[in-house]
Amino acid sequence: MSEGDAEREHALEQYKKTLLDSREWEAKLKALRLDIKGLQHDFDVSEDNIKALQSVGQIIGEVLKQLDEERFIVKASSGPRYVVGCRSKVDKAKLKQGTRVALDMTTLTIMRMLPREVDPLVYNMSLEDPGQVSFAGIGGLNEQIRELREVIELPLKNPELFMRVGIKPPKGVLLYGPPGTGKTLLARAVASSLETNFLKVVSSAIVDKYIGESARLIREMFGYAKEHEPCIIFMDEIDAIGGRRFSEGTSADREIQRTLMELLNQLDGFDYLGKTKIIMATNRPDTLDPALLRAGRLDRKIEIGLPNEAGRLEVLKIHAEAMVKEGEIDYESVVKMSDGLNGADLRNVVTEAGLFAIKDYRDAVNQDDFNKAVRKVAESKKLEGKLEYQKFAVNSHSISTLTPHCHQAFPYGVSATPALRGNTGYFPTWNGLLVAYDYTTCTIQWQTNITAYLNSYKVPDRYQAAFASPVSRTSPQLDGPTLYIGTLRYALLLAVDVGSGKVLANVQLNPHPLAIATMSPTFHDGRIFIGTSSVEEAATQDVTYACCSFVGNFAAATFDRRQNKFETQWNRMMLPEPYGVGLWSGGAIWGSQPAIDEKRGQVFIATGNVYDIPADVQSCVDKTANGNETACYPDTVWQESVIAFDVGTGKVNWIQRLSALDAWTLACLAPLYGLPPQPTCPPNPGPDADFGMAPSFIPSHSHATPHNSDIVVVGQKNGFLYALDACNGTIYWSTLTGPDSSSSGALMWGVAADEGKVYFTAVNPGMITWTLQRSGVNTSNSAFGAVDLATGKFAWEVPAPNNWTSFAPPSVTEDVVLVGVSGFQGGVGNPGSKGSIVALDKASGTLLKQAQAESVVYGGVAVEGQYVMYGVGYAKNFQLADVGSFNVYQVIGGRGKGSVAGRGGEADPH
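Below is the structure:
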């Protein structure tokens, strides 16, 4: 390289260095200028603040409305409202409704905008840190985690998915289940995984003694969440403010109701695709107001139940993962000793195991530590039971301890399965009473004479007096301070005060003289749903009676507690007009209780046979050679059908007719007793294969139902048990459970269901010898059985103990089926001996317990905690006519949910 080239390189290096230095100084200068600008801004703000302090005092106000570019309506904190101007430095575009502002005390000019005022309680909520909780650290809740992430995480991360499909994601979710099962942990895990703001609210802390303060806190909480999006609001113990509303109560109750209404208002104001989501949790979902649970507010409800054995194993391993262990730990053997423990209890097991190691001056835990720890925690759970923190449950472990607790005599017996609330059971009796009974103290709280009420309502005619008893035989339905119940005579729906038993109002469901109400009412979303049947079939035994003119109907009504007045919302007849003797009649709706499909807004019923048919239809039937009588009657004849009605309008969503034409009355039994054919029996009578029960709605449980669909299950008196698609009525399967041996039928008053099976009573009152499924055993009387929800295949079928008869519907609680045995039956007819209550293993049908009753047992069994309740006696029909009672049994031990599932209905009286 020449000397000239070296100089050139040196000059270039110097130039580059100077250029870089220049750019560095320019950057510093720019930064300094920005700093000066910021300091100038701070100086101006401080100067303004000093001037404000030196100026005349200011008033705090709130912008209500902008009148034009310069004038605003502002409400001052002192109370008055003013039309005011605005200081030129204030950005008028930001003066929205609700903005807090400072007003000049003299001119009332808007001087500045003030930051949003946040209540200290709401601010403290915002300080809640969800912690470093991950879904991997939560065991046994995989399905619940998936459902929760679909509702909360997916809309926040990928809102475009919902926009693309054209649907609105749920606004929030309700987590419900026993204490200690992981509801709060799930909410924290969601917030932690999304890195969102997290407001944790203990709902009971919101309630304030000053009127309006609680509702204000709700508004501020939601406002704060929207200003700090993305945000998850977690409201624990929502039952503290979200309980059912009622018209009576203290001022404190009304303040809680105002708080609930504001919460509902805020939920309605949510943006579906916004970045604020709400999670609520409760241990008592049964107490929540239906308005809070309806679609559009809490669209998804996720049960966080006690973990099963596999779930407990997973939870235990997660909590024990970080422990220093001595040798291999047999977690499965530990879990087998942990029946009834929740996730929090299992974490406590791990802690106790570590404490045992520390006490022995060891640095590692061993198998013996875990064994002692799980026994210690299980013993502490027994203490909780003594303190009534957790109810005992009726299950296979505790059923052997079933012993009598209460006995209350009622002549002729109890006429329906009790409805339960708190410690009280509500039920009607065959001697005409409606009773409120405390089943823990064995005392009558009140009783109302329904017979006296009906006698004062109207003087019965000859046939009403002979065939329609002046009593109720429906299970009551409770709604806050009001109880609803139906009557036999006059087919009335009564509203009764829950606290006193006073009858508040009535409405006649069907004006026909022989109409009766045997279906128990269902209350849903402000409406009472109920249908009618009749004793006109029985009246046909009187040859002087002009048969037939009754037509069954199904109605929805509302009740205004302030005016004590019913109002019929809609009413649907089961047969087409015209009605009258020689035309269509029948189509009764016997029982058991209308089932609700909340997802689709549907209510389900099933109907009975017809009594008589028009002459032209009879002519068609006579000419039908292939037995296809269905072609002879129009689609509007809803006999022996399963029907889905829209709950709001009564519109028919779908109908599934399951029988050929079936015209029948009790007069058709005359030949069985050696009597000549009666004129009130229709020509070519049918088999009387009507439905004595309403369908049961069963939501899908993983793969437990056909095609993972929501279904309805119903049993017919011909012995067939059906599963139908809740969406359109398609029959998924039908299973013959037992023989249709007489007019009394095979499947009558209700079935029970759980997450995998349907349980039934096959009556066989005609005492036909038949072979039971699976076991191959022959019996000539009743049987109990279970079929698979998905396929309709038999899981088991066993004879009733002692080869006796049972008309009673089953109930299922925990791992036990409870059902009544009506009594001994020596021939076609009714039981003539004392019945019993039996407990069967729901997995196999094995008899676990049998408790003798003092009279016949026809009704269903109710279970609450450790208590088992049932009534005995059945009007004046049997040898033990005057013997009847309400009975309460209890068990000791067997911790669990203590819940009961079943749809035991009321009787078809023929």
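Residue numbers for the sequence shown follow this note's numbering, beginning at 111 and rising by one. For glycine and all other residues, C-beta sits at the position ideal for the given N, C-alpha and C.
Is N446 helix, strand or coil when you go by DSSP? It should be noted that the sequence gives Lys, not Asn, for residue 446. DSSP places K446 in coil when its eight states are reduced to three.
Determine whether the beta carbon atoms of A918 and S806 lie at a separation below 8 Å. No, these two residues do not count as a Cβ contact at 8 Å.
Distance check for T386 and D399, CA to CA, integer angstroms please. 23 Å
Taking the continuous beta strand (DSSP E) assigned at S946, which residues delimit it? S946 to D951
Counted within 10 angstroms of its Cβ, other Cβ atoms place Y869 as buried (16 or more) or exposed: buried
Proximity to V425 [Cα-Cα], best of G250, V822, S324 and T550: G250
In angstroms, rounded to a whole number, what distance separates the CA positions of L588 and D635? 13 Å
According to DSSP, residues forming a beta bridge with A833: Bridge partners of A833: V823 and W843.
Please state whether the Cβ-Cβ distance between T642 and A666 is less than 8 Å. no
Residues in the same chain with beta-carbon distance under 7 Å from K482, minus the five sequence neighbours each way, listed in chain order, please. F466
For D635, three-class secondary structure by DSSP: coil
8 Å Cβ cutoff met for V757 and F714: no
Alpha carbon to alpha carbon, what distance is there between L543 and P521? 10 Å
Starting from H338, trace the beta strand (DSSP E) in both directions and tell me its first and last residue. Neither: H338 is in no beta strand (DSSP E) and is coded neither H nor E.
Could you tell me which of R256, I595, A656 and H622 sits nearest to G612, measuring between CA atoms? Checking the displayed sequence, the identity of residue 612 turns out to be Lys instead of Gly. Among R256, I595, A656 and H622, the Cα nearest to that of K612 belongs to I595.
Exposed or buried, what is K202 when buried is set at 16 or more other beta-carbons lying within 10 Å of its beta-carbon? exposed
Can you check DSSP and say which residues form a bridge with C196? I220
Give the DSSP bridge partners of R682, in chain order. F664
Based on Cα-Cα distance, which residue from I316, V948 and M273 lies nearest to M345? I316
Would you mind sorting T759 into buried or exposed? The rule is 16 or more other CB atoms within 10 Å of its CB. It counts as exposed.
In chain order, what residues of the same chain have a beta carbon less than 6 Å from the beta carbon of L497, not counting five sequence neighbours either side? Below a pLDDT of 50, predicted positions are generally treated as unreliable, and L497, at 42, falls in that range; the measurement from the model is reported next regardless. None.
Test item: CB-CB of T592 and S582 under 8 Å: Not closer than 8 Å, so no.
For V604, which residues in the same chain have their Cβ closer than 6 Å to its Cβ, ignoring the five residues on either side in sequence? Before going on, a small fix: residue 604 reads as Leu here, not Val. Excluding sequence neighbours, L604 sits near I595, V613 and N616.
Proximity of S324 and E270 at Cβ, strictly below 8 Å: no
Residues in the same chain with beta-carbon distance under 6 Å from V608, minus the five sequence neighbours each way, listed in chain order, please. Around V608: P591 and L593.
For H622, count neighbouring Cβ atoms within 10 angstroms of its own Cβ and tell me buried if that reaches 16, exposed if not. buried
By Cβ distance below 6 Å, which residues in the same chain neighbour I388 in space, the five residues on each side in sequence not counted? G282 and I343
Give me the Cα-Cα distance between S313 and Y689, rounded to the nearest whole angstrom. 56 Å
What are the boundary residues of the alpha helix (DSSP H) that includes E413? Careful: E413 lies outside any alpha helix (DSSP H), inside the beta strand (DSSP E) at L408 to E413.
Under DSSP, the beta strand (DSSP E) around E431 begins and ends at which residues? Premise fails: E431 is in no beta strand (DSSP E) and is neither H nor E.
Three or more beta-carbon pairs under 8 Å between the segment 766-777 and the segment 786-799, yes or no? Using a Cβ-Cβ distance cut-off of 8 Å, the segment 766-777 and the segment 786-799 are in contact, since at least three pairs of beta carbons, one from each stretch, lie closer than that value.
Using a Cβ-Cβ cutoff of less than 6 Å, which residues in the same chain neighbour G937 once the five nearest sequence positions on both sides are dropped? Any reading at G937 must be qualified, since the residue scores a pLDDT of 44, below 50, and its modelled position is unreliable; the value itself is stated next. Cβ within range, chain order: n/a, list empty.
Measure the alpha-carbon distance for N874 versus Q749 and round it to whole angstroms. 23 Å
For P909, report the span of its alpha helix (DSSP H) as first-last. Per DSSP, P909 belongs to no alpha helix (DSSP H); it is in the beta strand (DSSP E), F904 to P909.
Considering only residues of the same chain and omitting the five flanking positions on each side of A649, which have a CB-CB separation below 8 Å? Y573, A576, F577, L624, Y655 and C657
Use the C-beta contact count for K175: other C-beta atoms within 10 angstroms, 16 or more gives buried, fewer gives exposed. So K175 ends up on the exposed side.
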